[in-house]
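Structure first, then comments.
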Amino acid sequence: MENTAACPKEIIIRSSLDLTSPSPAVNLLVLSPIMAPLIPSQEELDRRRIVDINPETVTNIPSTDFPGHWPGESHEWNLEKFRDGFRVEFHRNDPFESSFSLIGLDASIANAFRRILMAEVPTLAIEYVFVHNNTSVIQDEVLASRLGLIPLKGSVEGLNWMRWFKKPTEDDPESGSTPADYNTIVLRLDIECTENPNAAPGEDDPRKLYKNAHVYAKDITFHPVGRQEQFFTGDGAIQPVNPDILIAKLRPGQKIDMELHCIKGIGADHAKFSPVATATYRLMPDIKILRPIIGEDAKKFAKCFPKGVIELETVTSREAAQKGSEYEGRAGEMKAVVRDPFKDTVSRECLRHEEFQGKVKLGRIRDHFIFNVESTGQFESDYLFLESVKVLKLKCARWKRGLTDLMR
């Protein structure tokens, strides 16, 4: 391929095949003008950002901001352009629940964060239960399953220090890791129910009539070994997130004595390792009032949406004085305006009414993702999102290294 002086704005492509061969290929001479990429208008770009919500269908669904989709337009990815357009906005940031918006992302990246939050951020959970004694009415395997689902918390530094525990396989039971201070946390549950000699005569509440009638998560004790005392101390000690989780009920003479081994794992292996109760996102609703909605219609229109989405304002004298305007002569009446589309659930209720036909257009902004993350308690919800970003960066770096090795 070469640029010629005679045709500075054309590219000449010549075939290098041998034409003397028995089956010569056709010698190619292709002239293609070099054109500046088309630049779509801002109105067109805004239209492409919206997923249209119709009475019975959803249209304009696929992402289109990639090279080659729109002929003549340049949509190559640019880091500076991405930085200028990307934003993170927090709406709520509580320890166990957060809500935030990621603006300027493709759905593939947003969904990657959601899946990583659920399945690839490591946490600690009970994996092995050694039953020394269990005379409660709950079977050993059922009790072990209940214990495994209790969320545990501890020092983040300690969790990062811990290594992965390799579990043995059925084919090779000896292939697993040996329990050590850097891969296994030891907990104990040792409790027995007895009569309460101080119970009042006629008392019928088992919690007052007996001692240890109810077994709670707070009865699980942590027994550090080796360097665990250095990493899991004070508030950073391994303990249940909620100490009041009911594990079992006992009566006098019944006892539970178990040793619990906790390991580091991810939700992709088992749901008990998932650090989130839910991690969801939705697209930001978009509501456009195309023609004025006034008077009683405005009140009815506002009732089609959750409270706070639509607000009623008074038609000003200036608006009413505009000739040819639908506000003309209607000063002092109420009109509907969009106040906070964030609260909308996009129920499409307004599209059911004839009086609003052609006056409103519903949609969702395709690159504005509203995340809701509920932590199970091991980590604060905003920290979990940062951890998901780290995991995605590591996966990209691993893929890049593999691609580099492949190209050598």
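By full-length UniProt numbering, the letter at position 118 of the sequence shown is numbered 118, and the numbering carries on one by one without gaps.
Each residue gets a CB set at the ideal place from its N, CA and C atoms; glycine is no exception.
Cα-Cα separation, residue i to residue j
i           : j           : result
residue 58  : residue 305 : 19 Å
residue 42  : residue 164 : 51 Å
residue 97  : residue 372 : 7 Å
residue 187 : residue 139 : 20 Å
residue 369 : residue 264 : 31 Å
residue 322 : residue 298 : 20 Å
residue 36  : residue 293 : 44 Å
residue 241 : residue 183 : 20 Å
residue 201 : residue 381 : 49 Å
residue 16  : residue 108 : With a pLDDT of only 45 at residue 16, under 50, the local geometry of the prediction cannot be trusted, and the value read off the model is given with reservation. Taking the straight line from one Cα to the other gives about 41 Å.
residue 70  : residue 55  : 28 Å
residue 215 : residue 245 : 9 Å
residue 111 : residue 280 : 9 Å
residue 191 : residue 367 : 54 Å
residue 51  : residue 123 : 37 Å
residue 199 : residue 249 : 18 Å
residue 400 : residue 220 : 44 Å
residue 130 : residue 177 : 17 Å
Cβ-Cβ separation, residue j to residue i (assumed contact under 8 Å), whole Å
i           : j           : result
residue 258 : residue 132 : 6 Å
residue 336 : residue 328 : Actually they do not touch by this definition, with Cβ atoms about 17 Å apart.
residue 152 : residue 125 : 6 Å
residue 276 : residue 127 : In fact, because the Cβ distance is near 19 Å, the residues do not count as touching under 8 Å.
residue 86  : residue 117 : Not quite, the Cβ-Cβ distance comes to about 19 Å (not below 8 Å), so this is no contact.
residue 334 : residue 308 : At roughly 16 Å, the Cβ-Cβ gap does not stay under 8 Å, so residue 334 and residue 308 are not in contact.
Nonlocal neighbours in the same chain, by C-beta distance under 8 Å from residue i, ignoring five residues either side
i           : result
residue 67  : 74, 75 and 76
residue 175 : 166, 168 and 169
residue 346 : 53, 285, 362 and 364
residue 409 : One cannot answer for residue 409 here, as it falls past the ends of the chain, which runs 1 to 408.
Contacts around residue i, its chain only, beta-carbon distance under 6 Å, and the 5 residues preceding and following it disregarded
i           : result
residue 161 : 231
residue 356 : 350
residue 181 : 225, 226, 227 and 228
Spatial neighbours of residue i in its chain, beta-carbon cut-off 7 Å, leaving aside the 5 residues before and after
i           : result
residue 291 : 326, 358 and 359
residue 302 : 310, 312 and 336
Environment of residue i [buried if 16+ CB atoms lie within 10 Å]
i           : result
residue 267 : buried
residue 28  : Since pLDDT at residue 28 reaches only 47, below the 50 mark, its modelled position is unreliable, and no value is offered.
residue 143 : buried
residue 313 : exposed
residue 134 : buried
residue 6   : Residue placement at residue 6 is poorly supported in this model, since its pLDDT is 46, which falls under 50; the coordinates still yield a value, given next. Flag for residue 6 reads exposed.
residue 195 : exposed
residue 82  : exposed
residue 64  : exposed
Span of the alpha helix (DSSP H), counted from its first residue to its last, around residue i
i           : result
residue 109 : 107–119
residue 391 : 381–407
residue 369 : Per DSSP, residue 369 belongs to no alpha helix (DSSP H); it is in the beta strand (DSSP E), 360–375.
residue 306 : That residue, residue 306, is in no alpha helix (DSSP H); it is neither H nor E in DSSP.
residue 156 : 156–161
Span of the beta strand (DSSP E) around residue i
i           : result
residue 85  : Run containing residue 85: none in the beta strand (DSSP E); it sits in the alpha helix (DSSP H), 79–85.
residue 137 : Counting along the chain, residue 137 falls outside any beta strand (DSSP E), and DSSP gives it neither H nor E.
residue 259 : 255–265
beta-carbon residue i near the ligand SAH non-hydrogen atom, thresh 7 Å
i           : result
residue 227 : With respect to the ligand SAH, the structure offers nothing, as it holds no ligand at all.
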